[in-house]
Amino acid sequence: MKIIVAGAEKEYADGLSVEDLIEAEKVETPQYVTVTVNDSFLPNTERTSRILQDGDVVEFLYFMGGGAADR
Amino acid sequence: MAFTNEQLERYSRHIILKEIGPKGQKKLMQARVLIIGAGGLGAPAALYLAAAGVGTIGIADADVVDLSNLQRQVIHSTADIGRPKVESARDSMLAINPEIDVHTYYEYITSENISGIIRDYDFILDGTDNFPAKFLINDACVLEEKPFSHAGIIRFEGQLMTYVPGEGPCYRCVFKEPPPKDLVPTCREAGVIGAVAGVIGCLQAMEAVKYITGAGDLLTGRLLTYDALKMQFRTIRLPRDSHCAVCSGERTIHAPFDYELPSCDLKNR
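Here the protein sequences line up with chains V and B, keeping their order.
First residue of the first sequence? That's 1 in this note's numbering, and the numbers climb one at a time after it.
First residue of the second sequence? That's 1 in this note's numbering, and the numbers climb one at a time after it.
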């Protein structure tokens, strides 16, 4: 199946869970990454049970600090 | 309020734009924008907003200028090392545009003072580098019904989103809680290219100008990400979290609060 991961089309075997994808894509500190599937937030507790389907669009949202040390 | 001849000349490139025009320029001159953090993001944002003639600019930062800041914090100069950043930033803004008013807040923004400070402003820019501050700014802006621009930068990357009360999702819709200290690197630990701060800080200024003048579409419900190495901008759609602790009907946060400061941060001071 083809899915869109962070804007890029990727080929993966059927039956892939979001958790499997996180591992395959080597997402750093995944417990602090927010995942959206088809523009909806996916609760962390559903990463194993959510099986991706052909055409799904997955985004990983990362914490980013930067700027000025305010304190 | 009529323009003086000098104002017509100073702002001529704005006034000629159909999306801004004389009406938009007057809105900018009457607007009040608060920039929290006079660092990598706040520096370019403050310079462009001052140059644009934003009538009142507040700038908050409790730090002094350090040599290691100058690689990206273009509002400060080598001669400013050791001076409070807010003073250096004020001088630079007024040197570009003496017509504006600059209010300085040489203090940490905390749950005690944030609501009173943001209340006086129309739009807030988050230019801070740490997550407790980012969550504090988000919560206070949601509770005071103030629009703000969130941004972050690290290494060769940056991202930003805009919150408008009653419209888009807030920062806490996307990220529930600050990450534990040291799990997500800061620019001090991981580095950042100065020009990335410039790109993202300028985009924050752009959002402020658009909010004030009503031009175009804001980054509400969208996260803009910038990858300088791939030279790619992407826009990611952000839903609202119907269970958000601060901006939903299920609100459990009713007042701004401070996350505990990690002790290693305090030791660095």
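Cβ coordinates follow ideal geometry from the N, Cα and C atoms, glycine included.
Residues near residue i by beta carbon distance below 7 Å, same chain, minus five either side
i                : result
Phe257 (chain B) : Ser111
Ala6 (chain V)   : Glu59, Phe60
Leu49 (chain B)  : Val33, Ile57, Ala205, Ala208
Ile154 (chain B) : Pro185, Cys187, Ala190, Val192
Arg50 (chain V)  : Ser17, Val18, Val37, Leu42
Close beta carbons around residue i, own chain, < 6 Å, minus the five adjacent residues each side
i                : result
Glu167 (chain B) : Thr220
Tyr106 (chain B) : Pro84, Val86
Gly65 (chain V)  : none
Ser92 (chain B)  : Ile75
Pro22 (chain B)  : Ile15
Lys146 (chain B) : Ile118, Ile124
Cys247 (chain B) : Val142, Cys170
Ile236 (chain B) : Leu223
Ile22 (chain V)  : Pro30
Gly194 (chain B) : Gln71, Arg72
Per DSSP, cross-strand counterpart(s) of residue i
i                : result
Glu6 (chain B)   : In DSSP, Glu6 (chain B) forms no bridge with anything.
Leu223 (chain B) : B:Ile236
Ser252 (chain B) : This sequence places Thr at residue 252 (chain B); Ser is not what is there. Beta-bridge pairing links Thr252 (chain B) to no other residue.
Pro84 (chain B)  : B:Val64
Glu59 (chain V)  : V:Thr36
Gln73 (chain B)  : According to DSSP, Gln73 (chain B) bridges with nothing at all.
Ile100 (chain B) : According to DSSP, which records beta bridges pairwise, Ile100 (chain B) is partnered with nothing at all.
Partners in chain V for residue i, counting only beta-carbon separations shorter than 8 Å
i                : result
Ile20 (chain B)  : Within chain V, no residue comes near Ile20 (chain B); the closest Cβ sits about 27 Å away, beyond 8 Å.
Pro147 (chain B) : Those within 8 Å of Pro147 (chain B) in chain V number zero; the least Cβ separation is about 18 Å.
Glu157 (chain B) : Met64
Pro256 (chain B) : Result: empty, since nearest Cβ-Cβ is about 14 Å, beyond 8 Å.
Leu223 (chain B) : Leu61
Pro179 (chain B) : Thr29, Tyr32, Phe63
Under 7 Å between C-beta atoms of residue i and residue j
i                : j                : result
Pro84 (chain B)  : Val64 (chain B)  : yes
Gly158 (chain B) : Tyr226 (chain B) : yes
Asp80 (chain B)  : Ser68 (chain B)  : no
Pro169 (chain B) : Leu238 (chain B) : yes
Pro178 (chain B) : Phe131 (chain B) : yes
Gly24 (chain B)  : Thr213 (chain B) : yes
Met1 (chain V)   : Asp20 (chain V)  : no
Val27 (chain V)  : Arg47 (chain V)  : no
Asp63 (chain V)  : Tyr12 (chain V)  : Here the sequence assigns Phe to residue 63 (chain V), which means Asp is not the residue at that position. For Phe63 (chain V) and Tyr12 (chain V), no; Cβs fall outside 7 Å.
Ala228 (chain B) : Arg72 (chain B)  : no
Ile72 (chain V)  : Leu52 (chain V)  : Lying before the first or after the last residue shown, residue 72 (chain V) is absent from chain V, which here runs from 1 to 71.
Tyr11 (chain B)  : Gly53 (chain B)  : yes
Ala38 (chain B)  : Ile59 (chain B)  : yes
Reference residue i, options the options, closest by Cα
i                : options                                : result
Cys202 (chain B) : B:Ala51, B:Ile20, B:Thr4               : B:Ala51
Leu223 (chain B) : B:Tyr211, B:Ile200, B:Ala245           : B:Ile200
Ala140 (chain B) : B:Arg119, B:Ile154, B:Gly152, B:Ala151 : B:Arg119
Tyr121 (chain B) : B:Leu94, B:Phe233, B:His103, B:Ala195  : B:His103
Val37 (chain V)  : V:Asp54, V:Thr29, V:Ala24              : V:Asp54
Asp39 (chain V)  : B:Val174, B:Leu218, B:Ala228, B:Leu136 : B:Val174
Ile35 (chain B)  : B:Ala46, B:Gly55, B:Met29              : B:Ala46
Leu8 (chain B)   : B:Glu99, B:Gly37, B:Asp66, B:Ala95     : B:Glu99
Asp182 (chain B) : V:Asp56, V:Phe41, V:Glu25, V:Thr29     : V:Thr29
Ala151 (chain B) : B:Met231, B:Val164, B:Asp129           : B:Asp129
Lys26 (chain B)  : B:Glu144, B:Gly55, B:Ile109            : B:Gly55
Arg90 (chain B)  : B:His243, B:Gln232, B:Glu260, B:Asp61  : B:Asp61
Lys134 (chain B) : B:Ser242, B:Tyr259, B:Glu6, B:Ser77    : B:Tyr259
Leu218 (chain B) : B:Met231, B:Gly249, B:Pro165, B:Asp241 : B:Pro165
Arg234 (chain B) : B:Arg240, B:Ser242, B:Leu160, B:Asp241 : B:Leu160
Residues near residue i in its chain [Cβ-Cβ closer than 8 Å; skip 5 each side]
i                : result
Ala245 (chain B) : Arg172, Lys176, Arg251, Thr252, Ile253
Ile114 (chain B) : Leu136, Ile137, Ala140, Pro256
Gly216 (chain B) : Glu19, Lys210
Leu94 (chain B)  : Ala50, Ile100, Val102
Asn97 (chain B)  : Arg10, Ala50, Ala51, Gly53
Asp56 (chain V)  : Ile3, Ile4, Val37, Asn38
Glu144 (chain B) : Ser115, Ile118, Arg119
Amino acids of chain V, ordered along the chain, whose beta-carbon sits closer than 7 Å to that of residue i
i                : result
Asp139 (chain B) : Within 7 Å Cβ-Cβ: nothing; Asp139 (chain B) doesn't reach chain V, min ~15 Å.
Arg237 (chain B) : Asp39
Pro44 (chain B)  : What Pro44 (chain B) touches in chain V: nothing, since even the nearest Cβ is about 11 Å away.
Leu183 (chain B) : Thr29, Tyr32
Asp241 (chain B) : Phe41
Residues that residue i contacts on chain C, provided the C-beta gap is smaller than 9 Å
i               : result
Thr34 (chain V) : Protein chains V and B are contained in the structure displayed, whereas chain C is not.
Within chain B, the residues that residue i reaches when beta carbons sit closer than 7 Å
i               : result
Glu59 (chain V) : Ile236
Gly7 (chain V)  : Arg234
Contacts of residue i in chain V (Cβ-Cβ under 9 Å)
i                : result
Phe131 (chain B) : Phe63, Gly65
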